[in-house]
Amino acid sequence: MTNKIPVECQVCEFYEELVQRLAFFQSITNEIMAKKPLDDLLDDIIESSKSLLSAEACTLYLYDKENKNLYFHIVSGPKNVNVDRKTVPIGEGIAGWVGKNKKPLLIDDCYSDERFNAEYDKRSGFRTHSMLCVPMVKNRDLVGVLQLMNKIDHDSFTEIDLDFSKALASQCAVAIENARLVEIELKDEQLKIELETARNIQQKILPKKLPAFTDIDIDVQLIPAKEIGGDYFNVLKIADNLTLMFIVDVTGKSVSAALIVSTIFSFLQTYLLLNKDEFDLNNFVDSLNKFLITATTPDKFATAWFGLYSHDSKKLESISAGHNPTYLFKKGEITEFSKGGLFLGSLELPYETEIVQLEKGDTIIFYTDGVTEAMNDDEEEFGDDRFLEMIKNFPNENSASLVSGIVSEVIKYRGYADQSDDITCGVFKVL
Numbered sequence: 112m113t114n115k116i117p118v119e120c121q122v123c124e125f126y127e128e129l130v131q132r133l134a135f136f137q138s139i140t141n142e143i144m145a146k147k148p149l150d151d152l153l154d155d156i157i158e159s160s161k162s163l164l165s166a167e168a169c170t171l172y173l174y175d176k177e178n179k180n181l182y183f184h185i186v187s188g189p190k191n192v193n194v195d196r197k198t199v200p201i202g203e204g205i206a207g208w209v210g211k212n213k214k215p216l217l218i219d220d221c222y223s224d225e226r227f228n229a230e231y232d233k234r235s236g237f238r239t240h241s242m243l244c245v246p247m248v249k250n251r252d253l254v255g256v257l258q259l260m261n262k263i264d265h266d267s268f269t270e271i272d273l274d275f276s277k278a279l280a281s282q283c284a285v286a287i288e289n290a291r292l293v294e295i296e297l298k299d300e301q302l303k304i305e306l307e308t309a310r311n312i313q314q315k316i317l318p319k320k321l322p323a324f325t326d327i328d329i330d331v332q333l334i335p336a337k338e339i340g341g342d343y344f345n346v347l348k349i350a351d352n353l354t355l356m357f358i359v360d361v362t363g364k365s366v367s368a369a370l371i372v373s374t375i376f377s378f379l380q381t382y383l384l385l386n387k388d389e390f391d392l393n394n395f396v397d398s399l400n401k402f403l404i405t406a407t408t409p410d411k412f413a414t415a416w417f418g419l420y421s422h423d424s425k426k427l428e429s430i431s432a433g434h435n436p437t438y439l440f441k442k443g444e445i446t447e448f449s450k451g452g453l454f455l456g457s458l459e460l461p462y463e464t465e466i467v468q469l470e471k472g473d474t475i476i477f478y479t480d481g482v483t484e485a486m487n488d489d490e491e492e493f494g495d496d497r498f499l500e501m502i503k504n505f506p507n508e509n510s511a512s513l514v515s516g517i518v519s520e521v522i523k524y525r526g527y528a529d530q531s532d533d534i535t536c537g538v539f540k541v542l
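Numbering (my numbering), first residue to last: 112 to 542.
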């Protein structure tokens, strides 16, 4: 006589197992939804999926929207499994089909499914029998695909397994996107800290206070467009009777430009240490150009204006390296220094020097293109003509007042438009 388990008992066992499984599912989803680094989360998803669905192996793919590929995060399963393929084009294979159609698949015999690519088994030495493959979707957007292989102690996965996997995949999609957002926030915060550090370093290489003079009046103001920028200036006493002033504008913005500014600062310190007693402006500019050619990439260069003032003779030696014109305001008339050469860091060509005799009351205005190219809300530039007209109409004030007035006019013109470039302006006046 055969002992049969009553139907009522079978139903009770089924529901008891289902309740236990639901409790396990709840504990798994709570663990998955906890805040953690993305890589740790993906590892937890793979191990939890295997445990919940009693799978021999599990593969998790994340979706790359730009390349429209699925790529492996990791393959979890027997130690002898080794999958060397890293990406799967969307639509290719079972995972690609699930990703493209955003529909789950329950397959009892993978080798009988034409979408199955047996190359994976050949490469890994793993034998795939049954498979459960589900898309991870959030707000109709594909996040990835979860693929479970070979039901342990059973021939294939069940419809209940499919329901659990779909519910789990939905939770996983939310958790992955949340983890990505947390990583972005952390990276943004770290970037802010690094930029602030870089800004503090760059502020240190700018002169905190200009040298004091009795025969000239000079002031320079720099307003960066971002935390760090590509404008740089300095005013240095080379000797008792010689003062070097210069302004530099490096192409590009932010980190790359700031690195070149630091490079120029380092060169300046080294050059002055070696040549301060016999300083030659033309040699200085030529040497800086050669240094930047070797120290920077071809797409990076700098424009600059250099002025060397002799306090004894009141003569100014000027070299422009592809920079905006430097203006001399003399007895109501404006002229510009035009001699020099190409911008720094491009080609080894000679620079031409211009020497101008200055007199009491002569004023020199030097600046970067952040002044004349400042744009308003209508994307109209401040322009050279407006700048020149403004200089002509400014009263005969000290250099600091003139610089503040120029900068204020530019900011006023820009209005609510974003500052697109660093603004640097300097005024040099003979007393």
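For glycine and all other residues, C-beta sits at the position ideal for the given N, C-alpha and C.
Contact between leucine 259 and serine 160 holds: their C-beta atoms lie close to 6 Å from each other, under 8 Å. Per DSSP, methionine 260 is not a residue of any alpha helix (DSSP H); the beta strand (DSSP E) it occupies stretches across 252 to 262. DSSP, read as helix, strand or coil, puts aspartate 391 in coil. Rounded to the nearest angstrom, the Cβ distance from leucine 152 to alanine 284 is 12 Å, too far for a contact under 8 Å. Between valine 254 and proline 215 the beta-carbon gap is near 14 Å, outside 8 Å, which marks them as no contact. Our two residues, proline 148 and lysine 277, have alpha carbons roughly 23 Å apart in a direct line. Among the bridge pairs identified by DSSP, threonine 362 is matched with none. The Cβ atoms of histidine 265 and serine 162 lie no closer than 9 Å to each other. Put simply, the region 383 to 397 does not touch the region 361 to 374. Fewer than three CB pairs are less than 8 Å apart. Counting only the Cα atoms, glutamine 282 lies some 59 Å from glutamine 380. As computed with DSSP, asparagine 180 is found in a beta bridge with Asp175, Pro200. Look at glutamine 380 here: in three-state DSSP terms it is helix. Per DSSP, tyrosine 231 is one residue of the alpha helix (DSSP H) stretching across 230 to 235. Residues Val346, Leu347, Lys348, Thr354 of the same chain have their beta carbon placed closer than 8 Å to that of proline 322, with the five preceding and five following residues left out of the count.
DSSP links glutamate 465 through a beta bridge to Ser429. Annotated as distal: lysine 503 and glycine 451, with beta-carbon spacing of 9 Å or more. Judged by pairs of C-beta atoms under 8 Å, the region 486 to 495 does not touch the region 448 to 468, as fewer than three such pairs exist. Leaving aside the five residues that flank lysine 249 on each side, the residues in its chain whose CB is nearer than 7 Å to its CB run, in chain order, Ala284, Val285, Glu288. Remark: C-beta atoms of leucine 439 and glutamate 428 do not approach each other more closely than 9 Å.
Between glycine 210 and arginine 226 a beta carbon distance of about 12 Å is seen, past the 8 Å cut, so the two are scored as non-contacting. Under the three-state reduction of DSSP, leucine 458 is assigned to coil, being neither helix nor strand. Secondary structure of glutamine 282 (DSSP, three-state): helix. Under the three-state reduction of DSSP, aspartate 342 is assigned to strand. Using a Cβ-Cβ distance cut-off of 8 Å, the region 472 to 487 and the region 528 to 542 are in contact, since at least three pairs of beta carbons, one from each stretch, lie closer than that value. In its chain, beyond the 5 residues on either side, Pro148, Leu149 have a beta carbon closer than 8 Å to the beta carbon of glutamate 294. Between the C-alpha atoms of aspartate 496 and glutamate 447 there is a straight-line separation of about 13 Å.
The criterion of a C-beta distance shorter than 9 Å is not satisfied by tyrosine 343 and asparagine 400. Within the same chain, Cβ atoms closer than 7 Å to the Cβ of phenylalanine 378 are found at Leu399, Phe402, the five residues on either side in sequence being excluded. In the DSSP assignment, serine 421 falls within the unbroken beta strand (DSSP E) covering 413 to 421. Under the three-state reduction of DSSP output, tyrosine 527 falls in the coil class, being neither helix nor strand. Under the three-state reduction of DSSP, glycine 481 is assigned to helix.
Spanning the alpha carbons of lysine 426 and phenylalanine 324 requires a straight line of approximately 16 Å. Counting the other CB atoms within 10 Å of its CB gives glycine 472 a total below 16, which places it among the exposed residues.
The C-alpha of phenylalanine 417 is placed about 5 Å away from the C-alpha of isoleucine 430.
Under the three-state reduction of DSSP output, leucine 355 falls in the strand class.
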